[in-house]
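Quick notes on the structure that follows.
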Amino acid sequence: MDLVAALVILSVHVFGCWGCPARCRCYSTTVECGSLGLTRVPADIPSSTQTIFLQDNNIGHVRRLDFFSLPKLQNLYIQNNSLVTIEAGALSSQHFLVELALNGNRLRQLNSSIFEGLEHLRVLYLAGNHITQLADYTFYGLQRLHELHLQENRLQFLEEQALAGLSSLALLDLSNNHLRTLSQAVIRPLRSLQVLRLTDNPWRCDCALFWLRRWIDEQSHRNRNRRRRRQLLLLLLGKKQIVCGEPPRLARQSLLDVPRNSLVCIPPAVRLERAELAVPAGGDVRVTCLASGYPRPVVTWRLAPAVRASALSSSVSSSSGTGSGVLFLSNVSVTQAGAYECEAANAGGRAARAFLLRVHRRPGASSGPPGQAGLEAPPDFSLDFGALSGATQTGIAIGISLLALIALLLMAVIWRQQQQRRWRRRERGRGGQGRERPGPGDKAQHQAPQHYQNFPSYHDYSDGPNTFAQLEELRDATGREMFVIDRQRRDFFTYKDSARAQAQPRPRPGPQAAQAQEAAGHPEQPELSDPLGEEQQQQQQQRGVAFKQDVAYEIHC
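Mature numbering (1 follows the signal peptide of the UniProt record, and there is no 0) puts the sequence shown at residues -19 to -1, 1 to 538.
Quick look at the structure:
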């Protein structure tokens, strides 16, 4: 027996000398480091430790690696320190942690990353900190939590989903805070709630607490035994009662003593000192929004939701608005012009009024290149293209593309017509008034012989199989008829008029006619010196009478 006791004492001594942090006391799976003036979590804590006492020190931060090597930890007490921050995931390795004491510190904000991985946590002490509000889903991962102690903080507001996920919570202590109201949506996720402590808060007894009064009455009727009813109320309210802090007519009265019809609210009403304002660019804007109602409405300024799809209802930044009913914009630009909305909300409802801000450029402001500084810029009527829907943007883009294509086609047609007009004017200057500019598909035109240069226009159709019927229908630009002249005939002459018929020599045959004559054995003979017979002269006179005075075209058949 003495040998066993000696071995136990020796093992404890070895454990304390080899695995225990300096100045700490270690017992089996427990490490005691309280009241040592520590400023950080000590290192070299044995990995088999299940309980750690670090209370009454000056630890200000919990780092991610402080408890990383302690997977078996079940109880952690860091109360009454100077904790300001806990790094995200600092306790993520403590999957078996059951009880966590963080009360009596200086924590101001909580988020779900602090409690990540604590799915077995059952008791959480957060009393005596500087917490002012709880955000949505702060304790969402704590499905097995039974007790949550938040008393003696500075809580003023709880988001509606702040306690979401606490389906096993049986005790919630919100006493001794700065709460004035509590939404029913905050308590709705607490399906296992048995004890709710709400005392020592400056409650505002209005329509927002009507649900709480009704809920207490319903719980009382379910427990008809007066003793059970009293016990339930003590569990709900503690030894004290919920006392109204306002309105003045209900101050210092218990909520249970206030008639239900006295728990009322006055819906908000909004009034603007002006409905619209026009200011020059670079100026300041200050607009006061006056809201009335009970409880006092919360006033916010935001861009008017005229176009819901474009998400224009984003709140004005804190630098632009005071949040107390005054919209203040400094050094405004044209991009800040538009419709704003002042909204007031309380437990009784919501109300809003619109305010239109117009921003114009200052007279004499430079909006162009140097030398135009004295010109007043036109008002800016810009449109936010990104605010339009996708279908509208696509339609506008297609319309612009079609207009651009039509404009290009019109420009091409106009340019083509101008080019043709220039060509015609140039040809008229050279003496060819009726001549058309040849196109790429026109037949090649031969150069007119020397004795046809005075004709208004000359075309050689000798190389095409044109019939007399086809050529007879053709007209020149001035409407004169064309003649089909057979140059093979001996009596071929060209007359300018009947008076000059005898004086003019007979034109020489064309190149194709000359070749045909040589091939037939009839060389070309000068016809100008040979006298004509009587019959031929009469025929020529008759033909000359039928012909026009000016021959427009010579056509080889």
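No residue lacks a Cβ here, since even glycine has one placed at the ideal position from N, Cα and C. The model shown is predicted, which means the values in this text are computed figures rather than measured ones.
| Asked | Found |
| --- | --- |
| Given 8 Å as the limit, is there contact between the stretch 156 to 172 and the stretch 137 to 146, that is, 3 or more CB pairs closer than that? | yes |
| Does DSSP put D198 in a helix, in a strand, or in coil? | helix |
| Let's test the definition: count the other Cβ atoms within 10 Å of the Cβ of W396 and tell me whether it reaches 16, buried, or not, exposed. | exposed |
| Thinking C-alpha only, which one of L35, A385 and D238 is nearest L193? | D238 |
| Looking only at DSSP bridge pairs, what is G263 linked to? | In DSSP, G263 forms no bridge with anything. |
| Can you tell me which of the three DSSP states R169 falls into? | coil |
| Can you list, in chain order, the residues of its chain with a C-beta nearer than 8 Å to that of Q317? Leave out the 5 residues immediately preceding and following it. | L310, L338 and V340 |
| Quick one: Cα of G(-1) to Cα of S148, how far? | 40 Å |
| What residues in its chain sit with their C-beta under 6 Å from that of D181, if we drop five residues either side in the sequence? | S156 and N157 |
| Less than 8 Å between the beta carbons of A332 and P229, yes or no? | no |
| Determine the DSSP secondary structure at A143, reduced to helix, strand or coil. | coil |
| Give me the residue from A385, D187, V266 and Q55 with the minimum Cα distance to F336. | V266 |
| Would you give the residue range spanned by the beta strand (DSSP E) that V307 belongs to? | V307 to L310 |
| Cα separation between G109 and A259? | 52 Å |
| For the candidate residues R89, N62 and V104, whose alpha-carbon lies nearest to that of R135? | R89 |
| Can you give the Cα-Cα distance for S93 and S29, rounded to whole angstroms? | 27 Å |
| Mapping DSSP to helix, strand and coil, what is G109? | coil |
| Under the three-state reduction of DSSP, which class applies to G410: helix, strand or coil? | helix |
| Report the option in G15, R21 and R277 whose CA atom is closest to the CA atom of D37. | G15 |
| Short of 6 Å in beta carbon distance, which residues of its chain neighbour T66, apart from the five on each side in sequence? Order them along the chain. | H42 |
| Would you say the beta carbon of P261 comes nearer than 7 Å to a heavy atom of the ligand ATP? | Only the bare structure without any ligand can be found here, which leaves the ligand ATP out of the picture. |
| Where does H537 fall in DSSP's three states? | Its pLDDT being 47, under 50, H537 is placed unreliably in this model, and the coordinates cannot settle the point. |
| Just to confirm my understanding: we take S50, look at its own chain, exclude 5 residues before and 5 after, and list those with CB closer than 6 Å. What are they? | S28 |
| Could you pull out every residue in the same chain whose Cβ sits closer than 7 Å to the Cβ of G264, ignoring the five residues on either side in sequence? | V313 |
| Distance check for Q401 and S382, CA to CA, integer angstroms please. | 29 Å |
| Tell whether a beta-carbon distance below 8 Å holds between L72 and L105. | no |
| Just the C-alpha distance for residue 572 and C270, rounded to the nearest angstrom, thanks. | What the structure shows of the chain is the stretch from -19 to 538, and residue 572 is not part of that stretch, so it cannot be assessed. |
| Measuring alpha carbon to alpha carbon, tell me which of L131, Q398 and A69 ends up nearest N86. | L131 |
| Could you have a look at V65 and say whether DSSP puts it in helix, strand or coil? | coil |
| In the DSSP assignment, find the unbroken beta strand (DSSP E) run with V279 in it and report its ends. | V279 to L284 |
| Helix, strand or coil, according to DSSP, for T20 in the structure here? | coil |
| Quick test of your reading: L54 and I33, contact by CB under 8 Å. State the CB separation rounded to the nearest angstrom. | 7 Å |
| Spatial neighbours of G18 within its chain, please: CB distance less than 7 Å, with the 5 preceding and 5 following residues excluded, ordered by chain position. | N38 and N39 |
| Taking C-beta to C-beta, are A328 and A232 nearer than 8 Å? | no |
| Apart from the five residues on each side of it in sequence, which residues of its chain come closer than 6 Å, Cβ to Cβ, to R195? | none |
| Assuming V251 and R172 are in contact, meaning their beta carbons sit under 8 Å apart, how far apart are those beta carbons, in whole angstroms? | At roughly 39 Å, the Cβ-Cβ gap does not stay under 8 Å, so V251 and R172 are not in contact. |
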